[in-house]
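Structure first, then comments.
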DNA sequence: GGAATATGATTAACATGTTAAATGAAATCT
DNA sequence: AGATTTCATTTAACATGTTAATCATATTCC
């Protein structure tokens, strides 16, 4: 499969008409303006995650669950009841996604909802008996997959990976975000 | 495999107004049917990836690009032209997503398309001069972010992480997927 | 050569990610 | 108290992930 060839292509350009002339200002473009694509950290993390999730998806699908729905049920399985915001943090979901999924899970009878008496804004979510049974049905195969992965990769190596991922998170936690440099013609704030 | 029934309905439920903290604190109380939630490998990978991507998103957004669009442009920046299927593999996108994004990028004039003469089914994609200019505009800040991340996490540690992620992928590459066994849902548990 | 089949790409349909805005309720200020 | 502000959650709108179906072209088999 030769297609991926990030090497510089030399001057023998195949007669591209007016198009190629315009990149004359900065001709180094095609010669690796950035790091090699395969060394992108987000890519590496994504590929690793997909390599893992792939094995769980089939199992979850057989039980009518998506990955996110499973994350929610699993998180609910560990608590008596939990507020929506806390659940979003635990299951690592954004509010809007969580709202939609909770609506669906409630209609399916897998969770139950009420609201905090002292603050009607806050919603409390808990898992239903049906939801618990579903967890019990899914957990064994999920655990088996995990065990096989650990066996293949090595428990020590897996622990080390977890540590390095946590450390990465920690390293970037207080790194300043690119200060929202607005685009042009966006009158910033004449009145505030 | 007994897991957890709806037990221990926390008998001493106070109804005081200031009991907000106690409700939120009732998190890790049930006995878990599975591994601790925070030790989930997919979660750890997702969190790490998000910690990284967070910093790039703002920069890309300022240039009107999403993460996936940027992946495509970057991949195209390294080749003369590429078939759609190969591009999907490089940018790690599924066909349908790629189709939609290519349609959009073409309308924006950032890419160009034609088809293979000897096989009209195959589409060839290449970056346009405008696309190249956009890459040049985005690359510096992207590289700066990368450099700062490397400085914080450590270049050696980063290389080690890349290696471990690749090894994980390799370890799971030939692991058999859960062979689409049963889809039944009312036959294994009679407890309803 | 033409029907059957395979392949590359797209479209369809639905679930989620993502940001912005809206809604409803509590806290705060005057 | 009434207006304003803050907060928790949801809705809206659009982009993408994901699987299935479709479409057009290629290949194979008869």
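Chains as they are written, first to last, in the numbering used here: chain D, 2 to 193; chain P, 2 to 193. Glycine residues also receive a C-beta, built at the ideal position from the N, C-alpha and C atoms.
Run down chain P in chain order and give the residues with a C-beta less than 8 Å from the C-beta of residue i.
{"i": "residue 126 of chain D", "result": "Under the 8 Å cutoff, chain P gives no residues; its nearest Cβ is about 12 Å from residue 126 of chain D."}
{"i": "residue 43 of chain D", "result": "50, 53, 54, 57 and 68"}
{"i": "residue 95 of chain D", "result": "Within 8 Å Cβ-Cβ: nothing; residue 95 of chain D doesn't reach chain P, min ~11 Å."}
What in chain P is Cβ-close to residue i, meaning under 9 Å?
{"i": "residue 1 of chain D", "result": "Outside the displayed range of chain D (2 to 193) lies residue 1 of chain D, so it cannot be described from this structure."}
{"i": "residue 40 of chain D", "result": "163"}
{"i": "residue 202 of chain D", "result": "The shown model of chain D, from 2 to 193, leaves out residue 202 of chain D, and the question about it has no answer."}
{"i": "residue 88 of chain D", "result": "Within chain P, no residue comes near residue 88 of chain D; the closest Cβ sits about 10 Å away, beyond 9 Å."}
In terms of alpha-carbon separation, which member of the options lies closest to residue i?
{"i": "residue 79 of chain D", "options": "D:129, D:168, D:64 and D:156", "result": "D:129"}
{"i": "residue 113 of chain D", "options": "D:162, D:119 and D:133", "result": "D:133"}
{"i": "residue 81 of chain D", "options": "D:115, D:57 and D:71", "result": "D:115"}
{"i": "residue 98 of chain P", "options": "P:157, P:137, P:142 and P:69", "result": "P:69"}
{"i": "residue 175 of chain P", "options": "D:149, D:142, D:103 and D:100", "result": "D:149"}
{"i": "residue 124 of chain D", "options": "D:40, D:83, D:64 and D:58", "result": "D:83"}
{"i": "residue 64 of chain D", "options": "D:171, D:107, D:142 and D:120", "result": "D:142"}
{"i": "residue 158 of chain D", "options": "P:106, P:122, P:157 and P:164", "result": "P:164"}
{"i": "residue 137 of chain D", "options": "D:71, D:58 and D:160", "result": "D:71"}
{"i": "residue 57 of chain D", "options": "D:144, D:171, D:156 and D:160", "result": "D:144"}
Does the distance from the CB of residue i to the CB of residue j come in under 9 Å?
{"i": "residue 88 of chain P", "j": "residue 73 of chain P", "result": "yes"}
{"i": "residue 126 of chain D", "j": "residue 85 of chain D", "result": "yes"}
{"i": "residue 60 of chain P", "j": "residue 117 of chain P", "result": "no"}
{"i": "residue 76 of chain D", "j": "residue 66 of chain D", "result": "no"}
{"i": "residue 178 of chain D", "j": "residue 154 of chain P", "result": "no"}
{"i": "residue 173 of chain D", "j": "residue 152 of chain P", "result": "no"}
{"i": "residue 166 of chain D", "j": "residue 162 of chain P", "result": "yes"}
{"i": "residue 42 of chain D", "j": "residue 147 of chain P", "result": "yes"}
{"i": "residue 104 of chain P", "j": "residue 131 of chain P", "result": "no"}
List the residues of chain P that residue i touches, going by C-beta distances under 7 Å, in chain order.
{"i": "residue 115 of chain D", "result": "Going along chain P, no residue has its Cβ under 7 Å from residue 115 of chain D, so there is no contact; the nearest lies around 12 Å."}
Using the beta-carbon of each residue, which ones in chain D are nearer than 8 Å to residue i?
{"i": "residue 153 of chain P", "result": "172, 173 and 176"}
{"i": "residue 111 of chain P", "result": "Per Cβ cutoff of 8 Å: no residues; residue 111 of chain P is ~13 Å from chain D at best."}
{"i": "residue 101 of chain P", "result": "The premise fails here: residue 101 of chain P is roughly 19 Å from chain D at the closest Cβ pair, so nothing lies under 8 Å."}
How would you list, in chain order, the residues of chain D whose beta-carbon sits under 7 Å from the beta-carbon of residue i?
{"i": "residue 122 of chain P", "result": "Under the 7 Å cutoff, chain D gives no residues; its nearest Cβ is about 16 Å from residue 122 of chain P."}
{"i": "residue 77 of chain P", "result": "The premise fails here: residue 77 of chain P is roughly 10 Å from chain D at the closest Cβ pair, so nothing lies under 7 Å."}
{"i": "residue 104 of chain P", "result": "Under the 7 Å cutoff, chain D gives no residues; its nearest Cβ is about 20 Å from residue 104 of chain P."}
Any contact of the region 39-47 of chain P with the region 41-53 of chain D, i.e. 3+ C-beta pairs under 8 Å?
-> Touching, yes, given that three or more Cβ pairs across the two stretches are closer than 8 Å.
When Cβ atoms are compared, which residues of the region 167-181 of chain D fall closer than 8 Å to chain P?
-> Residues of the region 167-181 of chain D whose Cβ lies closer than 8 Å to any Cβ of chain P, in chain order: 167, 168, 169, 170, 172, 173, 174, 176, 178, 179 and 181.
Anything in the region 134-149 of chain D with a Cβ closer than 8 Å to a Cβ of chain P? List those residues in chain order, please.
-> 134, 136, 137, 138, 140, 141, 142, 143, 144, 146, 147 and 149
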